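Take the sequence shown: its position 144, counted from the start at 1, is 144 in this note's numbering, and no numbers get skipped. Note that the Cβ used here is the ideal one computed from N, Cα and C, for glycine as well. Keep in mind the model is a prediction, meaning the values are calculated, not measured. What follows is a short report on a single structure.
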Amino acid sequence: MSDGWRMRNSLLLLLGFFITCYCQTVPTITMKVVQHVREDKLPGEFAFQIEAFDPDDDVLTYGIRDRFDYFTVNSATGGVFIKNQLNREVREFFTVEVIVNDGVYSDVTKDITIIVDDANDNAPVFQNLPYNIKVKENTPVNSIILTVYATDEDQNTAGIVSYAIYDVIPSDSIGMFSISKEGDMGAIKLLEPMSFTDKSVFYQIMINASDGGGELFGNHVVQWTPTTAFITVIDVPDLDPVFVNLPSMITVNEKSAVGTSVFKVQARDPDTGINDKIYYSIEDTNAEDLFEINREDGIVYIKTVFDREELLHIDGVVKLTVKATEANLNVDNIYAYTTAILQITIGDINDNGPSIYKCENGTCTESNSFTGDIDEHSSVGLSISGFNMRVKDPDLGDNSRFELHLEGPDKDAFSVSPRLGISESDVLILVRDPVAVDYEIKTTMTVEVVASDPNIAEFVARATVTIQINDINDNIPEFEQDAYKLEVEEHCQDGTIVGTVTATDADALDDGKLTYRLLPESILNLFDVFPNNGTVYVVNGNLLDRERTNSYSPTLQARDSGGNLGSTVLEITILDINDQTPTFYRDYERFIKENNVFTIQVEARDDDEPNTPNSKIQYGIEDSQYSGNFTIDVDTGEIMSIGILDREAIEPELDGVIKLNVTATDMGVPPLSSWVMVVINVDDENDNTPIYLDSEYTFHVKESESGILVGYVRARDADQTEYNNRTSFRITSGSLGSFLCISEPDGDGYQGAIMVDPDVELDYESDRKSYTLTVEATDLGQRKAVVTVHVEVEDVNDTPPIFPPDLIMSIEENSLPPAFVGVIEGSDVDTNHSLIYELVSTRCHCNKTWGVCEEEWFTLEPTGIVRTAADHVIDYEKCDQVEMTAKVIDLYTEKNSNSTEGIVMINIIDMNDNPPEFIQEQDFFVVLSESVEQDSSVAAVHATDKDTGENAKITFHVVDVEFLGANAGDKPEPISLIFFAETNEQPDALGNYNGVIKSHQSLDPDRKGKYLVKVMAKNLDLHTNETIELITVDKSFRVGLRFDSPVANVNENLVYIRRALIGATKAMVHVVKVSTETVRNAQRKEVTLLEAYFVFPNGTALDSDSVGSILNTQEVYEEFGVILQGYGLTGILTTTFDPQEDKLEVFIMIGLVGALVIVLVVMTTSLVCIRRSYRRKLKAAKAMNKAAMVAAESQKAGPVVPGTNKYTREGANPVLNLNIDSTTDLGFDEDGSSADRESLNSLDYNFDMGMTHEKDTMAMTIIEEEEENMGESTYIEPLGAALAQRGKKKGPESTSLTIANPSLNTTDL
């Protein structure tokens, strides 16, 4: 009764569920099937609205299926928003599926077509880039040299392209080109002629392509794109070659070997774009056949051995006219050439020794014999006479140096001068020891002059000199007295004898040969002496006047035959007579400064008897031009001026001199008188100041001229004397040490010559371009006048140009030539200058070493522009720096150096032009799938990059993973990215980057094959892919080793166990697990299971059978098997099993998925199945009871067939070993379900299935299977017993390992 009610209630519930579902209505999507969306809408902006209607007024949820992932939808409102921005040019229209759900029925969908509206979001794009062309420099003006083309993917006006030139490099070439639109193209036209030498050889034309404009983000926008057209000017041959660095003079030594290289003449073709080959020749020379030149390389060689001394007629300088000729015809169809003079100085070598010459009457001849003479006892240093010797060495400079010394019997009495000489020198023989030169000892002496080369001992010249010694007189005459006293009257008769005085001479040869004379010569008009006897007499008595001279003291000299002199003094006294008239004591000349009163006293005397009228004197002044200005006292002779004197009142011609004729008259009868001229010099006093003739002066002077005259300033002083009107000039200020002023006469005045200090050069380039001088004119009285002088400095191009210091340029490697690198901008402080630039040399920094550049990467234009060379590609990996030595030259330099050298450091910028390169260290990696967990490392990758810095930084990424099965014919199967790469941020010591490949998850241990992992090494925008192989060692190669030893002992000896296994198998042993396997037997002994993989480096592995085979070999067993048995090894399992683990999450997922199904199944089937289930269980219980009784009665023992699951009794059940009659009805109906049969397991009957067997005397390997409930079991598997017995029969000596496979246990059959 209760079962019927339960069934009815269930049916009612199910009927209510069906009614509820039937009454719902499906929603409808009402929006248009076409939607317009602008492509410039940004992510997050509203695109369109999903419109839908539900009659049931259910809450709708909205969705969208967009295979391009452009949109996202608000599930509650249906508003569709931009997720990823649209692009009309990529996809002009497409279809999306909008979804509406009311929570009751399935989704309602509708396809919507999205039309993308255009926006001006594309700029014009130039086609056929890059625009690099070459144009000949003689291309006609108005020629179209290039056409450009750009397209714009936008529509309407936004897609119409126009062209314009907005800049040209060099900037002064903006007017050389124009661009016009012809069709869709932009045609560039040449407006001015080109020149390879005078203008730039490279132009960068900046072209702008712009569209017609359109709407973008709500604004009217004009899009434009710039590009650069590179125009390279091609040179044509129109210039003559020029010599490069031809020196003004070179030197080569005489007697150099034939073929010796003297100098390499170099010329270049100024047409640098042509750079024609140059041939060299010698056109003319002042010395034939001495030199020749190589036609190809310009090296000048010695043709003939020559001697400098034979070329003295051309001063030892050979002049070669060198010609450089281009190999090809120029534009005028001729071979262009140029010539230059190469002067070669013939250098001297020491190939000549000194020679001795006799020079007479201007002619010198080589001689080895000379004569001369000298007086005996001549002074030290006195040269012998009659001797003309000269020593010459024809070499040059130090090679012509020679030394002189004396040899011979009399070498110690003389010396030679000079002792050292160069080229040529006159030779003197000098007295060294006057005592040795004695006529009484030797009348003739001999020396030998030796001239030698100090560097070459063989170069020696000798000459003998014979010296005649002259005799001299050795003694002088002597008087008995030093002085003799004599007297004579004044005005006596001529010839009057005054006295006789004589001398004697000790030399016998001078007896009677003495002669006398009076000295000085002036006394001979008064007195003289007879030369033979020494008598002194009066020559002219009228000249003897006591009043003038009352005594004389002449010297009497005696001379012998040798010219030796002796002397004495004669004191002659003059006796007086009365014969004198008054005389003034002196002439009178007085100097007096002007502006003073003049006084002077004149005085006369009379030598007659004093205090008589004849000796009394009176004074007077004779009339003259200025006598009226003076008075005189007649008795005293005092003269005085009337008032002060003024120099300026005296006529200038008189030079300030006043002359007065003053007389002195005695009182005798007749009176005798005399006169004297009194000269009054009125000294000019400095009572006037100098006055300049001009109030101001302005002069101009050129810079850099030391000591040059600037100009004159002139001044006048009214004073009459030079002393007072002499004017000196000096610069008192404004000179700054740069000017001098020198005073000099100028007619009736003076002038000051202003000049630049000789030690100073004015510099226009300094801060001082003008000077304001104050020049002071000063007389000797320090009366001063000043004037201002303006000096303007005029510029002279005398300063070398300045090469910019610390100039650093940079250029990216791989730049297309001729790329612009930089500009050398030199400077010149001179106002008038023109600078050009020349390349001197380059050095390159390659492999961290500076050296000569293997390739010339750069060129230097005369304008200073540095460009990349056309023939080479710049490579940072070859060289990272170039040091360019260049010089700036001023073409307008007037003096001093016209150039300055400098250094330009060019840094090569590394570009990311080298993709990473993998470093292959091994062909594959071996992976134990079972050991791999999340974040486990499975492989290592290494890569390097030739670039540097950020360009060399590498990151690794796993981009693709495939699995290739181990079976033949398997193809790689793409799988998810189960691996990822980690990169070490820092490179190793070698600069390589290292990465580790790791696993995102655990790997399937049963999967056989290999993983193909594509790894990308990425460096900025460059990358390289490499596929690495991960060969898996799957679970089938897992080998179980059973040890009859506790886990602790196995772990303690694990190192030794592993070492023995490695030695036995020669494979790497990876232990994955050591666990307890307790056998519940009578001994209750603990057994340990060690699970491991045996893997070789090539990726292969050993399975259980292979390991067993290796260990069972006699050789391996004796070496390693015994060791392993000592640690308890008893067997090898072919398969091991992990303990069953409950996985909660699996059950939760199954429960959630099947919950609804189970509920419905239970509701629909419960009523149907309840009764039938109960009935079947009752029938099954009866059948089992009956079967048990039959078995107990009919069971009989029968022999077991060893090694099989059969028994000898017919119909025996292999499981129960029972004989069951097939006719016995167990009560199951034919229509009984399998479920009914399986329900037998639900019976709670326990059957004793134990069996007895013989007990073996030999321990055998017992392999037991554990029930899930870990219950005890004493059942011994018959097949195992049989195998154990078979092993026993082999004898006790045979010991081996037994391999048990629980998967083949016969109890499972």
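Simplified DSSP assignment, three categories, for P745: The answer is strand: DSSP assigns P745 an E or B state.
For V787 and F699, I'd like the C-alpha separation in whole angstroms. 13 Å
Pairing CB atoms from the segment 257–273 with CB atoms from the segment 298–315, are three or more of them under 8 Å? yes
Could you check whether the segment 423–439 touches the segment 479–486, counting it as contact only if at least three pairs of C-beta atoms, one from each stretch, sit closer than 8 Å? no
For E137, count the other beta carbons within 10 Å of its own beta carbon; 16 or more makes it buried, fewer makes it exposed. Which is it? buried
*Does the Cβ of L860 have 16 or more other Cβ atoms within 10 Å, making it buried, or fewer, making it exposed?*
buried
Self-check item: Cβ pair A503, P531 closer than 7 Å
Solution: no
*Taking the C-alpha atoms as reference points, what is the distance between V1033 and V1095?*
8 Å
*Should Y1056 be labelled buried (16 or more other beta-carbon atoms within 10 Å of its own) or exposed?*
exposed
Nonlocal neighbours in the same chain, by C-beta distance under 7 Å from F1120, ignoring five residues either side:
A1060, G1063 and A1064
Exercise. With 16 as the cutoff for other CB atoms within 10 Å, does L1090 come out buried or exposed?
Worked result: Classification for L1090: buried.
Nearest-angstrom Cα distance between A229 and D184? The C-alpha of A229 lies about 17 Å from the C-alpha of D184.
(Q) Tell me the rounded alpha-carbon separation between T689 and T583. (A) Distance between the alpha carbons of T689 and T583: 45 Å.
When the Cβ atoms of the segment 1098–1110 are set against those of the segment 1030–1044, are three or more pairs found closer than 8 Å? yes
Assuming V1050 contacts V1074 under a Cβ cut-off of 8 Å, what Cβ separation, rounded to an integer in Å, is found between them? 6 Å
- Collapsed DSSP secondary structure at T799 in the structure displayed: When secondary structure is reduced to three states using DSSP, T799 falls in the coil class, being assigned neither helix nor strand.
Whose C-beta lies closer than 6 Å to the C-beta of S841 among residues of the same chain, with five residues either side of it excluded?
T885
Query raised in the report: Unbroken beta strand (DSSP E) runs of length 3 or more, entirely within the segment 76–159: which are they?
Result: 79–82, 93–101, 108–117, 131–136 and 144–151, all fully within the segment 76–159.
#### Entry: Straight-line Cα distance separating E1026 from V1072
31 Å
### Query
Does the beta-carbon of D1248 have 16 or more other beta-carbons within 10 angstroms, so that it is buried, or is it exposed?
For D1248, the pLDDT reaches just 37, beneath the cut-off of 50, and the residue's location in the model is therefore unreliable, although a value from the coordinates is still provided. Under this definition D1248 is an exposed residue.
Short of 8 Å in beta carbon distance, which residues of its chain neighbour E92, apart from the five on each side in sequence? Order them along the chain.
I115 and V116
Review point. Would I384 count as contacting chain C if we go by Cβ distances under 7 Å?
Key: Annotation note: the requested chain C is absent from the structure, which comprises a single protein chain.
### Exposure label - S704; buried when at least 16 CB within 10 Å
buried
- Message: Once DSSP output is grouped into helix, strand and coil, what is the label at M1163?
- Response: When DSSP states are grouped into helix, strand and coil, M1163 belongs to the helix group.
task: Please report the residue range of the beta strand (DSSP E) in which A1060 lies.
output: That residue, A1060, is in no beta strand (DSSP E); its alpha helix (DSSP H) goes L1054 to T1065.
Is K513 helix, strand or coil by DSSP?
-> Under the three-state reduction of DSSP output, K513 falls in the coil class, being neither helix nor strand.
- Query: For S1075, does the three-state DSSP call read helix, strand or coil?
  - Reply: strand
| request: Would you mind working out which of I179, I188 and N122 sits nearest I160, comparing C-alpha positions? | output: N122
Sub-7 Å separation of L246 and A340 beta-carbons: yes
inquiry  = According to DSSP, simplified to helix, strand and coil, what is E376?
reply    = coil
Cutting at 6 Å between CB atoms, please list the residues of its own chain near Y1127, excluding the five before and the five after it. N1053 and I1057
Check: What do you get for Y105, buried or exposed, if any count of 16 or more other CB atoms within 10 angstroms of its CB means buried?
Finding: The residue in question, Y105, is exposed, as its Cβ has fewer than 16 Cβ neighbours within 10 Å.
**Report entry** Status (buried if at least 16 other CB within 10 Å, exposed otherwise) for E326
**Finding:** buried
| With a Cβ-Cβ cutoff of 7 Å, do I510 and D471 count as a contact? | Strictly speaking, residue 510 in this sequence is Asp, with Ile absent from that position. With a cutoff of 7 Å on beta-carbon distance, D510 and D471 are scored as not near each other.
Excluding the five sequence neighbours on either side, which residues of its own chain have a C-beta within less than 7 Å of the C-beta of G711, listed in chain order? Y697, F699 and I754
In this structure, how does DSSP classify I1319 when only helix, strand and coil are distinguished?
Residue 1319 is absent from the model: the chain starts at 1 and stops at 1309.
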